[in-house]
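Numbering (our numbering), first residue to last: 27 to 364. All C-beta atoms, glycine included, are put in the ideal place defined by N, C-alpha and C. Reading through the structure tokens given below for one structure.
Take a look at the structure:
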């Protein structure tokens, strides 16, 4: 054996021992790539062994190359084993950290509750659905045409004042009522129409009983033979289902630009009359505006404030409670308080 080949064997044995100790000594996954590169990298110890091949005679080079390759394979196996060991240790640590101790007290998960407005709205939609009204929705950002013009509210109407309405750029506004949904529905659907349109509406008003954002639900019934008697029958049945079969209901003459005749509807609380909604027969001009012939069809519309009904149902004195999201207030409804 040549002196160069003997020296190569000594170097291989030294690298093997060094690699064994290094692979065994790695304690963190983050350190493994650097340690591995000391032996297997482009500038590592095993790559440097190739320099020995130039010192060997031609007949010794195949044997030397085979021994270098064997060393490389053994060192790769060492570091693969180290990788597996560290992966297993990391997994065990993660599992131990998440292990459940059955002797510890259970974790209390807070129960949520349906928001009072949503609870009332769900009940209203359910009641009106039983009376044959279909649910429909529309955009909250509207044009003056749909929010005012087509509903027989001219430019001089006080509701169009900037003190009452949130105007946006481009001739748009935040809807002040859900009535535009009724207009859009009539434009795309021939009679009969029997819908309800719940949703958020926006007005420049804020105090203990008014909010700049609140909820309405409006209803519309258009057909050939719908009369004021149908309006009174439907709304009386609806309010008695909501407040009790024996509840007294009364209708008072009123005025709304999009209905004629118009009424306000009250229920008896036991001590006083309380206004709960406005209604009326759809104005003939509104029917013409959507392409209906008022000589052929007619109908009624009504609207009520969901937030006010929630305040009445739950005995609230300040509408702002509904919007503050204070858990001291909302957690009262976990048990389905009605």
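Q. By Cβ distance, which residues of its chain are closer than 6 Å to residue 335, with the 5 residues on each side in sequence left out?
A. 146
(Q) Measuring alpha carbon to alpha carbon, tell me which residue in 258, 304, 49, 213 is nearest residue 112. (A) 49
(Q) Buried or exposed for residue 333, going by 16 or more other Cβ atoms inside 10 Å? (A) buried
Q: Pull up the distance between the alpha-carbon of residue 248 and that of residue 265, whole angstroms please.
A: 21 Å
Q.
If distances are taken between C-alpha atoms only, which option among 285, 263, 302 comes closest to residue 205?
A. 285
Q. Closest to residue 119 by CA distance: which of 54, 162, 167 is it?
A. 54
Q. How long is the line joining the alpha carbons of residue 106 and residue 134, rounded to whole angstroms?
A. 44 Å
Q: List the endpoints of the continuous alpha helix (DSSP H) containing residue 73.
A: 71-74
Q: Would you mind reading off the limits of the alpha helix (DSSP H) that contains residue 316?
A: Note, residue 316: premise wrong, no alpha helix (DSSP H); not H, not E.
Q) Is the beta carbon of residue 296 sitting closer than 9 Å to the one on residue 330? A) no
Q: Identify whether residue 303 lies in helix, strand or coil by the three-state DSSP scheme.
A: strand
Q. Is residue 322 buried or exposed, if buried means 16 or more other CB atoms sit within 10 Å of its CB?
A. exposed
**Q.** Neighbourhood of residue 239 by C-beta distance below 8 Å, restricted to the same chain and skipping five residues each side
**A.** 226, 227, 228, 349
Q.
On the CB-based measure, 16 or more other CB atoms within 10 Å of its CB, does residue 76 come out buried or exposed?
A. exposed
Q: List the endpoints of the continuous alpha helix (DSSP H) containing residue 64.
A: 58-66
Q | Top-ranked residue by Cα proximity to residue 198, from 131, 172, 222, 252 | A | 172
Q) For residue 337, which option in 353, 328, 302, 327 has the closest C-alpha, if you only look at C-alpha atoms? A) 302
**Q.** CA-to-CA distance, residue 46 to residue 60, given in whole angstroms
**A.** 15 Å
Q) What residues in its chain sit with their C-beta under 7 Å from that of residue 268, if we drop five residues either side in the sequence? A) 153
Q: Pick out whichever of 211, 43, 68, 344 has its Cα sitting closest to the Cα of residue 317.
A: 211
Q. Cα separation between residue 110 and residue 139?
A. 48 Å
**Q.** Three-state class that DSSP yields for residue 356 in the structure shown
**A.** helix
Q: Kindly confirm or deny that the region 252-265 and the region 351-359 touch, where touching means at least three C-beta pairs closer than 8 Å.
A: no
Q: Ignore the nearest five residues each way along the sequence and tell me which others in residue 201's own chain have a CB closer than 7 Å to its CB.
A: 166, 168, 173, 227, 228
Q: Can you give me the start and stop residues for the beta strand (DSSP E) that residue 327 sits inside?
A: 324-331
Q. Using 8 Å as the threshold, is the region 212-226 in touch with the region 114-131, meaning 3 or more CB pairs across them?
A. no
Q | Range of the contiguous beta strand (DSSP E) that encloses residue 163 | A | Careful: residue 163 lies outside any beta strand (DSSP E) and carries neither H nor E.
Q) From the DSSP output, which residues share a beta bridge with residue 107? A) Answer by DSSP bridge pairing: none, since residue 107 is not bridged.
Q | Whole-angstrom C-beta distance between residue 308 and residue 326, which should lie under 8 Å | A | 6 Å
Q: Kindly indicate the opening and closing residues of the alpha helix (DSSP H) around residue 155.
A: 142-156
Q | Limits of the unbroken beta strand (DSSP E) element including residue 245 | A | 239-249
Q.
For residue 364 and residue 354, I'd like the C-alpha separation in whole angstroms.
A. Residue placement at residue 364 cannot be trusted, given a pLDDT of 45 that sits under 50; what the coordinates show is reported in the next sentence. If you take the alpha carbons of residue 364 and residue 354, they lie about 17 Å apart.
Q: Leaving out five residues on either side along the sequence, give the residues of the same chain with a beta carbon under 6 Å from the beta carbon of residue 40.
A: none
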